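Trainee: In the numbering used here, the protein residues as written are 1012 to 1453.
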Amino acid sequence: MTHIPAFAGAGNLIYRSSHVPQFVKAAGCYLQAADGRRYLDAEAANGTAAFGYDSSLLREALSHCEEMPGLPSFCESPLRLDVLSRLEPLFSQAVGQPGRVELDLGGAQGMETALRIAFSNNGPGTIVVFEGAFHGRSGITSMLSSSPRYRELLAAWGLEVVRLPTPDCDRCVHRQPDVPGCTTGCRQAVTRWGAELSGVGGTGFGRKVSAFVFESVQNVGGMAVPDADLLRSAVAHAKANGALVIADEIFTGMHRTGPRWGFQRAGVSPDIVVASKALTNGAAALSAVWAREPLADPGTYRPGSHSSTYIGIPHSLGVARAVLDRWAAWPEVEADMRVLEEAMAHRLDTLRRRHPELILGTDAFGGTARIVLNGPHAPELRRLCLTAHESLGLIVASTGMAPDVINIHPPLVITPSDLDVMIEVLEAALTALAPTVDGGQR
Ligand SMILES: Cc1ncc(COP(=O)(O)O)c(C=O)c1O
């Protein structure tokens, strides 16, 4: 059992693992622990640190706000307006409609604000999500997230949430061995709600579905890419039944999976989009909620519907502005993400062929990849990545919802030679894992 300091909150995710390095500094894709050991970060602070670790970002951020007062939450500023005016086109250009942007504190809070906007238009009805979803751990969002673990201590019991079958074809128990992708039956399963027998209201009923919420890649659900046809059917069905479509782009947004937004991969058009992680590179708690006009106009979503003391603090806005500058200065990012995808796919496939007894498959999409193991070994493999190599640790992710999957989402600026280093450490970790696994099954 990890030594948890007597004064530290024991429930923190940090203490889930038995190996807890204490990081003191970082540069590029590498972190350094207090004991001097270096770690290559293939997790990028949960996908936030798209640009890696670069202290000049904070200096730049402060230059935008050092003269400003700690902004009271009810006051406007040129800096806030500048950030909003630069965020809005990032969404409307992709969706093809104008909209409005609201800021919030983090991912879960942003999702709740998205629901506020949906409810202010549609009334507080049912919410439909996919199995495997993760939308945060606040009271409301823990109801949307799949694992019951998230609801054990805090949840908005009473909120009606309906789960559609998993969109992760590769790991779906209904998958037909010789049929690639989802079948007609799968599409029917995600478009049945709203009919008499489904138990869920739709156009013909007073109690309706207010919102359909999806991730374009389920990060916590095991880096699962929804079948594009299935997602398109689910979105079209939601719209036909008057539900607002909310894209949770907290993890997938800003090129993490290739295009600026993950929903562009499947060619669907959400009504509301929530973004967060890569908007601040992990240097400030901020999320942005975009809603197409007129969903968040003052007639429907009235001034005063939303507030929180720290939403507009200048240092967060300064970070957002500095990060938006970085994104604007990276014009070939989509092409670069295709190169990164290819570089990860190729290397991981080689690793799979060297360890067929442990690895069932590998995928890469944009700056995101996964290793699917032949059993629930991801927590142990993740630990071995930190410790197995003599001179370097590797940080990868695994989640309670997908214990057979290693999630990889490095800084998007990772170089081919860093990817070689990543494979070298994974190789050492897999070699250490092999003798402990007795042909475990999924
Ligand atoms: C897809 C998705 N939605 C929501 C969240 C919650 O964001 P936060 O941890 O900032 O509340 C996360 C965080 O990992 C996420 O990946």
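We treat Cβ as the ideally placed atom computed from N, Cα and C, and that holds for glycine.
In this text the structure is predicted, and so the values were computed from the model without any measurement.
So within the segment 1279 to 1327, which uninterrupted beta strand (DSSP E) runs reach at least 3 residues, ignoring any that extend past its ends?
Mentor: Entirely contained in the segment 1279 to 1327, the beta strand (DSSP E) runs reaching 3 residues are, in chain order, 1283 to 1286, 1298 to 1303.
Trainee: Please classify R1218: is it buried, with 16 or more other beta-carbons within 10 angstroms of its beta-carbon, or exposed?
Mentor: As a position in the sequence shown, residue 1218 is number 207, starting the count at 1. Burial call: exposed.
Trainee: Specify, as a first and last residue, the run of the beta strand (DSSP E) that T1379 falls within.
Mentor: Along the sequence shown, one-based indexing puts residue 1379 at 368. Counting along the chain, the beta strand (DSSP E) containing T1379 begins and ends at 1379 to 1384.
Trainee: Decide if F1225 is buried, meaning its Cβ has at least 16 other Cβ atoms within 10 Å, or exposed.
Mentor: In the sequence shown, counting from the first residue as 1, residue 1225 sits at position 214. It counts as buried.
Trainee: Using a threshold of 8 angstroms, state whether the C-beta atoms of A1129 and G1147 are closer than that.
Mentor: Numbered from its first residue, the sequence shown carries residue 1129 at position 118. Numbered from its first residue, the sequence shown carries residue 1147 at position 136. No, Cβ-Cβ distance for A1129 and G1147 is not below 8 angstroms.
Trainee: With a threshold of 7 angstroms on Cβ separation, who are the neighbours of G1039 within its own chain once the five nearest residues in sequence on each side are excluded?
Mentor: Numbered from its first residue, the sequence shown carries residue 1039 at position 28. Counting only Cβ-Cβ distances below 7 angstroms, and skipping sequence neighbours, we find G1063, Y1064.
Trainee: Using the three-state DSSP reduction, which class does E1087 fall into: helix, strand or coil?
Mentor: In the sequence shown, residue 1087 corresponds to position 76, counting from 1. If DSSP states are grouped into helix, strand and coil, E1087 belongs with coil.
Trainee: Since L1457 and E1142 are thought to touch, with beta carbons under 8 angstroms apart, how far apart are those beta carbons, to the nearest angstrom?
Mentor: What is shown of the chain runs 1012 to 1453, which leaves residue 1457 out entirely.
Trainee: Would you say E1078 and H1317 are within 8 angstroms of each other, going by their C-beta atoms?
Mentor: By one-based count along the sequence shown, residue 1078 stands at place 67. By one-based count along the sequence shown, residue 1317 stands at place 306. Cβ atoms of E1078 and H1317: not closer than 8 angstroms.
Trainee: State whether the segment 1319 to 1333 contacts the segment 1289 to 1298, with contact taken as three or more CB pairs (one from each stretch) at a distance under 8 angstroms.
Mentor: Yes, the segment 1319 to 1333 is in contact with the segment 1289 to 1298.
Trainee: Should T1124 be flagged as near chain B, meaning a C-beta pair shorter than 8 angstroms?
Mentor: This model lacks chain B altogether, as it is built from one protein chain only.
Trainee: Hey, how far is the Cα of P1016 from the Cα of Q1033?
Mentor: Taking the sequence shown and counting its residues from 1, the one referred to as residue 1016 is at position 5. Taking the sequence shown and counting its residues from 1, the one referred to as residue 1033 is at position 22. Cα-Cα distance, rounded: 13 angstroms.
Trainee: Taking Cβ to Cβ, would you say G1150 is nearer than 8 angstroms to V1300?
Mentor: Numbered from 1 along the sequence shown, position 139 holds the residue referred to as residue 1150. Numbered from 1 along the sequence shown, position 289 holds the residue referred to as residue 1300. No, these two residues do not count as a Cβ contact at 8 angstroms.
Trainee: Say yes only if the C-beta of D1052 is nearer than 7 angstroms to one or more non-hydrogen atoms of ligand 1, and no if none qualify.
Mentor: Counting from 1 along the sequence shown, the entry for residue 1052 is found at position 41. False, no ligand heavy atom lies under 7 angstroms from that Cβ.
Trainee: Taking DSSP's pairing of strands, which residues face R1111 in a bridge?
Mentor: Taking the first residue of the sequence shown as 1, we reach residue 1111 at position 100. Answer is A1302.
Trainee: Quick one, which of H1400, L1359, V1448 has its alpha-carbon nearest P1386's?
Mentor: Locating residue 1386 in the sequence shown gives position 375, where the first residue counts as 1. The amino acid occupying residue 1386 in the given sequence is Gly; Pro does not appear at that position. Closest by alpha carbon: V1448.
Trainee: Less than 7 angstroms separating the Cβ of V1231 from some heavy atom of ligand 1?
Mentor: What you label residue 1231 is simply residue 220 of the sequence shown in a count that begins at 1. Because some heavy atom of ligand 1 lies under 7 angstroms away, the Cβ of V1231 counts as near it: yes.
Trainee: Under three-state DSSP, which class holds I1419?
Mentor: Stepping through the sequence shown from its first residue, residue 1419 is reached at position 408. DSSP places I1419 in strand when its eight states are reduced to three.
Trainee: Under 7 angstroms Cβ to Cβ from A1399, same chain only, skipping five residues before and after it: list those, please.
Mentor: Reading the sequence shown from its first residue, position 388 is the one you call residue 1399. Here the set comprises A1439, A1440, A1443.
Trainee: Are the CB atoms of L1392 and I1419 within a distance shorter than 8 angstroms?
Mentor: Within the sequence shown, numbered from 1, the residue matching residue 1419 stands at position 408. Within the sequence shown, numbered from 1, the residue matching residue 1392 stands at position 381. Contact: no.
Trainee: Decide yes or no for the touch test of the segment 1243 to 1252 against the segment 1426 to 1438: beta carbon pairs closer than 8 angstroms, at least 3 of them.
Mentor: Contact between the segment 1243 to 1252 and the segment 1426 to 1438 is absent, because fewer than three Cβ pairs lie under 8 angstroms.
Trainee: For ligand 1, is there a heavy atom less than 7 angstroms away from the beta-carbon of D1259?
Mentor: Position 248 of the sequence shown holds residue 1259. Result yes, Cβ under 7 angstroms from ligand 1.
Trainee: Which of helix, strand or coil does DSSP assign to L1444?
Mentor: For this step, residue 1444 is matched to residue 433 along the sequence shown. Helix, per DSSP.
Trainee: Work out the CA separation of A1286 and G1264 for me, nearest whole Å.
Mentor: On the sequence shown, residue 1264 is found 253 positions in, with the first residue counted as 1. On the sequence shown, residue 1286 is found 275 positions in, with the first residue counted as 1. Looking at the two C-alpha atoms, the distance is approximately 6 angstroms.
Trainee: Round the Cβ separation of V1284 and E1260 to the nearest angstrom and send it over; I've been treating them as touching at under 8 angstroms.
Mentor: If you number the sequence shown from 1, residue 1284 lands on position 273. If you number the sequence shown from 1, residue 1260 lands on position 249. V1284 to E1260, Cβ: 5 angstroms. Contact.
Trainee: How big is the Cα-Cα spacing for D1374 and R1097?
Mentor: Your numbering for residue 1374 matches position 363 in the sequence shown. Your numbering for residue 1097 matches position 86 in the sequence shown. The straight-line gap from Cα to Cα measures roughly 33 angstroms.
Trainee: Is any non-hydrogen atom of ligand 1 found closer than 7 angstroms to the C-beta of H1185, if you look at the structure I gave you?
Mentor: Looking up residue 1185 in the sequence shown gives position 174. Outside the cutoff, so no.
Trainee: If I follow the unbroken alpha helix (DSSP H) through A1128, where does it start and stop?
Mentor: Position 117 of the sequence shown, counted from the start, is the residue given in the question as residue 1128. Note on identity: in this sequence residue 1128 is Ile, with Ala being the wrong assignment. Taken as a continuous stretch (DSSP letters only), the alpha helix (DSSP H) holding I1128 covers 1118 to 1133.
Trainee: So, helix, strand or coil for G1404, using DSSP?
Mentor: On the sequence shown, residue 1404 is found 393 positions in, with the first residue counted as 1. Of the three classes helix, strand and coil, the one that applies to G1404 here is strand, per DSSP.
Trainee: In three-state terms, what does DSSP make of I1434?
Mentor: For the purposes of this step, residue 1434 is taken as residue 423 along the sequence shown, with counting starting at 1. I1434: helix per DSSP, three-state reduction.
Trainee: Quick one: using the 10 Å Cβ neighbour count with 16 as the cut-off for buried, is R1453 buried or exposed?
Mentor: The residue given as residue 1453 occupies position 442 in the sequence shown. Low per-residue confidence applies at R1453: pLDDT is 41, beneath 50, and the placement is therefore not dependable, though the value from the model is reported in the following sentence. It counts as exposed.
Trainee: Determine the extent of the alpha helix (DSSP H) in which G1372 is found, giving its start and end residues.
Mentor: Position 361 of the sequence shown, counted from the start, is the residue given in the question as residue 1372. Taken as a continuous stretch (DSSP letters only), G1372 belongs to no alpha helix (DSSP H), being part of the beta strand (DSSP E) at 1370 to 1376.
Trainee: Tell me whether N1023 counts as near ligand 1, meaning its Cβ is closer than 7 angstroms to at least one heavy atom of that ligand.
Mentor: Counted from its first residue, the sequence shown places residue 1023 at position 12. Answer for N1023: no, Cβ out of range of ligand 1.
Trainee: Among G1372, T1379, T1410, H1366, which one has its Cα closest to the Cα of A1389?
Mentor: Along the sequence shown, read from residue 1 onward, the residue named residue 1389 stands at position 378. Ranking G1372, T1379, T1410, H1366 by Cα distance to A1389 puts T1410 first.
Trainee: For T1137 versus V1220, is the C-beta spacing smaller than 8 angstroms?
Mentor: In the sequence shown, counting from the first residue as 1, residue 1137 sits at position 126. In the sequence shown, counting from the first residue as 1, residue 1220 sits at position 209. Contact flag set, yes.
Trainee: Starting from the C-beta of F1376, find all residues in its chain whose C-beta is less than 8 angstroms away, skip the five residues before and the five after it, and write them out in chain order.
Mentor: On the sequence shown, residue 1376 is found 365 positions in, with the first residue counted as 1. Here the set comprises V1228, V1236, T1268, G1269, R1276, E1352.
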